[in-house]
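Have a look at the structure below before the remarks.
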Amino acid sequence: MSVPLVAIPCDIREIEGNVWQATPNQYVRAAVKGADVMVFLVPAQENGHDFDGILDRVDGLLVSGSRTNVHPSLYGAQATEADGPFDPARDATTLPLIRRAIERGIPLLAICRGIQELNVALGGTLANDIQDTPGIWDHRKPDVPELDEAYGIRQNVIVKEGSCLAAAVGPGEIQVNSLHRQAISRTAPRLAVEALAEDGTIEAVSVIDSKAFAVGVQWHPEYWVGTDGTSNKLFKAFGDAVRDYAARKQHTSEKAGAA
């Protein structure tokens, strides 16, 4: 069997006047090295996608973090300037891809903006600038020049026993690098809360009754793949699910060819 292929939707970026389709290399690197898969970058478009055509060609979906936020209109809220920046092309790409991947039983790992997209795609809402809420910590990325320090593992998260995430990384307390100013507010009906920060912020979810691995985390396991045990375990679990899906897909194809 060939190396499985995982789709990563892109962001729209403007660089020196040119519009780029882009994704941070840390996600590509983590998929290749941590999950042992190859990567297919999906362009962000506001219309024109054939979502089933994309998913026919891949064995998993990895939804990355981003500097942009899901547009509040997509979860029934009024948008303000403070809620941005926005990327409508990414929203129009990721939300349908997430829903269709879940329907088809294609393994899914959603990170940072990805967990927020997963929640919105399935009917949940988001809270902005959570650090202004009494009792909630400041989860934002530290304003330091060194990325290793900015993405440092410094926050405790409690993983629910018996959860999908616990099967991958173990139950109880783990340490993560959670960097965000938005978070899940109302959890989508199809999502189960898998992990909480000590201040009660939702840090991980899974899709209830999913046909395959379908997990979202608010932190950044992709950054420390190769050196952090929890990050490695999560990407390995995703990679194992992708390989299992690819093997089943190939077996079905071979049976159909022999018929």
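Per the numbering used here, the very first residue in the sequence shown carries number 77; after that it's consecutive.
Cβ coordinates follow ideal geometry from the N, Cα and C atoms, glycine included.
- Message: For a test of the three-state rule: what should DSSP assign to Asn68, helix, strand or coil?
- Response: The structure shown does not extend to residue 68, since the chain spans only 77 to 335, so no value can be given for it.
- Message: Cutting at 6 angstroms between CB atoms, please list the residues of its own chain near Asn65, excluding the five before and the five after it.
- Response: Only positions 77 to 335 of the chain appear in this structure, which leaves residue 65 out of reach.
- Item | C-alpha gap between Arg143 and Tyr103, whole angstroms | Counted from its first residue, the sequence shown places residue 143 at position 67. Counted from its first residue, the sequence shown places residue 103 at position 27. Each residue's Cα considered, the two are about 14 angstroms apart.
- Task: Taking Val235 and Ala271 to be in contact with their CB atoms under 8 angstroms, please state how far apart those CB atoms are, rounded to whole angstroms.
- Result: As a first step, residue 235 is located in the sequence shown; it is residue number 159 there, counting from the start. As a first step, residue 271 is located in the sequence shown; it is residue number 195 there, counting from the start. That belief holds up - the Cβ atoms of Val235 and Ala271 are roughly 5 angstroms apart, short of 8 angstroms.
- Query: For Ala288 and chain D, any beta-carbon pair shorter than 9 angstroms?
  - Reply: As a matter of chain content, chain D is missing from the structure shown, which is built from one protein chain.
- Message: Pairs of beta-carbons, one from the region 297-313 and one from the region 195-213, closer than 8 angstroms: are there three or more?
- Response: Cβ pair count under 8 angstroms is below three, so no.
- Separation of His327 from Gly276, as counted between CA atoms: As a first step, residue 276 must be located in the sequence shown, where it is residue number 200. As a first step, residue 327 must be located in the sequence shown, where it is residue number 251. C-alpha separation (whole angstroms): 44 angstroms.
- If you run the structure through DSSP and keep just helix, strand and coil, what is Trp300? As a first step, residue 300 is located in the sequence shown; it is residue number 224 there, counting from the start. Reduced to three states, the DSSP call for Trp300 is helix.
- Task: Give a single yes or no on whether His215 has its beta carbon closer than 8 angstroms to a heavy atom of the ligand ADP.
- Result: Because no ligand of any kind appears in the structure shown, any question about the ligand ADP cannot be addressed here.
- Can you give the beta carbon distance from Gln294 to Glu279, rounded, assuming they're within the 8 angstroms contact cut? Working through the sequence shown from its first residue, we reach residue 294 at position 218. Working through the sequence shown from its first residue, we reach residue 279 at position 203. Yes, Gln294 and Glu279 are in contact; Cβ-Cβ is about 5 angstroms, under 8 angstroms.
- Can you tell me the Cβ-Cβ gap for Leu137 and Ile182, rounded? I've got them flagged as a contact below 8 angstroms. Translated into the one-based positions of the sequence shown, residue 137 becomes position 61. Translated into the one-based positions of the sequence shown, residue 182 becomes position 106. The beta-carbon separation of Leu137 and Ile182, rounded to 6 angstroms, stays under the 8 angstroms limit for a contact.
- Please classify Thr209: is it buried, with 16 or more other beta-carbons within 10 angstroms of its beta-carbon, or exposed? Position 133 of the sequence shown, counted from the first residue, corresponds to residue 209. Thr209 should be labelled exposed.
- Rounded to whole angstroms, what's the CA-CA distance from Gly228 to Asn253? Just pull it up for me. Position 152 of the sequence shown holds residue 228. Position 177 of the sequence shown holds residue 253. The straight-line gap from Cα to Cα measures roughly 6 angstroms.
- Message: Out of Ala332, Glu157, His256, which one is the CA nearest neighbour of Pro218?
- Response: Within the sequence shown, numbered from 1, the residue matching residue 218 stands at position 142. When only C-alpha atoms are compared, the closest one is His256.
- Message: Please return the same chain residues whose Cβ sits closer than 8 angstroms to the Cβ of Val82, not counting the five positions on each side in sequence.
- Response: Against the sequence shown, residue 82 aligns to sequence position 6. Around Val82, the same chain offers Ala107, Ala111, Val113, Met114, Val115, Phe116, Val134, Asp135, Gly136, Leu137, Leu138, Val318 as residues with beta carbons nearer than 8 angstroms, after the five sequence neighbours per side are excluded.
- Query: Cα-Cα, which of Pro172, Ser140, Asp159 is closest to His147?
  - Reply: If you number the sequence shown from 1, residue 147 lands on position 71. Among Pro172, Ser140, Asp159, the Cα nearest to that of His147 is on Asp159.
- Segment limits, alpha helix (DSSP H) that includes Ala177: Taking the first residue of the sequence shown as 1, we reach residue 177 at position 101. Residues 164-180.
- Query: So Gly136 is in the beta strand (DSSP E); what residue range does that whole segment cover?
  - Reply: For the purposes of this step, residue 136 is taken as the residue at position 60 of the sequence shown. Segment 136-139, the beta strand (DSSP E) holding Gly136.
- Quick one, which of Pro80, Glu92, Leu184, Ala120 has its alpha-carbon nearest Cys86's? By one-based count along the sequence shown, residue 86 stands at place 10. Selected option, being the one with the closest Cα: Ala120.
- Task: Out of Asp132, Ala322, Thr170, state which residue places its alpha-carbon closest to the alpha-carbon of Ser140.
- Result: In the sequence shown, the residue the question calls residue 140 occupies position 64. When only C-alpha atoms are compared, the closest one is Thr170.
- Task: Would you mind working out which of Ile178, Leu184, Arg189, Asn232 sits nearest Arg166, comparing C-alpha positions?
- Result: Position 90 of the sequence shown, counted from the first residue, corresponds to residue 166. Out of Ile178, Leu184, Arg189, Asn232, Arg189 has the C-alpha closest to the C-alpha of Arg166.
- Message: Tell me the rounded alpha-carbon separation between Val291 and Leu267.
- Response: As a first step, residue 291 is located in the sequence shown; it is residue number 215 there, counting from the start. As a first step, residue 267 is located in the sequence shown; it is residue number 191 there, counting from the start. Rounded to whole angstroms, Val291 to Leu267 spans 9 angstroms at the Cα level.
- How would you label Thr99, buried or exposed, when you count the other beta carbons within 10 angstroms and need 16 or more for buried? Your numbering for residue 99 matches position 23 in the sequence shown. Buried: at least 16 other Cβ atoms inside 10 Å.
- Item | Supposed contact pair His296 and Ile206 - C-beta distance, whole angstroms, cut 8 angstroms | Within the sequence shown, residue 206 is the residue found at index 130, counting from 1. Within the sequence shown, residue 296 is the residue found at index 220, counting from 1. Rounded, the Cβ-Cβ distance is 17 angstroms, inconsistent with contact.
- Query: To which residues does DSSP link Gly248 through a beta bridge?
  - Reply: On the sequence shown, residue 248 is found 172 positions in, with the first residue counted as 1. Partner(s): Val235.
- Message: Distance check for Val245 and Phe127, CA to CA, integer angstroms please.
- Response: Working through the sequence shown from its first residue, we reach residue 127 at position 51. Working through the sequence shown from its first residue, we reach residue 245 at position 169. Their backbone Cα atoms lie some 31 angstroms apart in a straight line.
- Check whether Gln192 and His215 have beta carbons under 9 angstroms apart: What you label residue 192 is simply residue 116 of the sequence shown in a count that begins at 1. What you label residue 215 is simply residue 139 of the sequence shown in a count that begins at 1. The answer is no: Cβ separation not under 9 angstroms.
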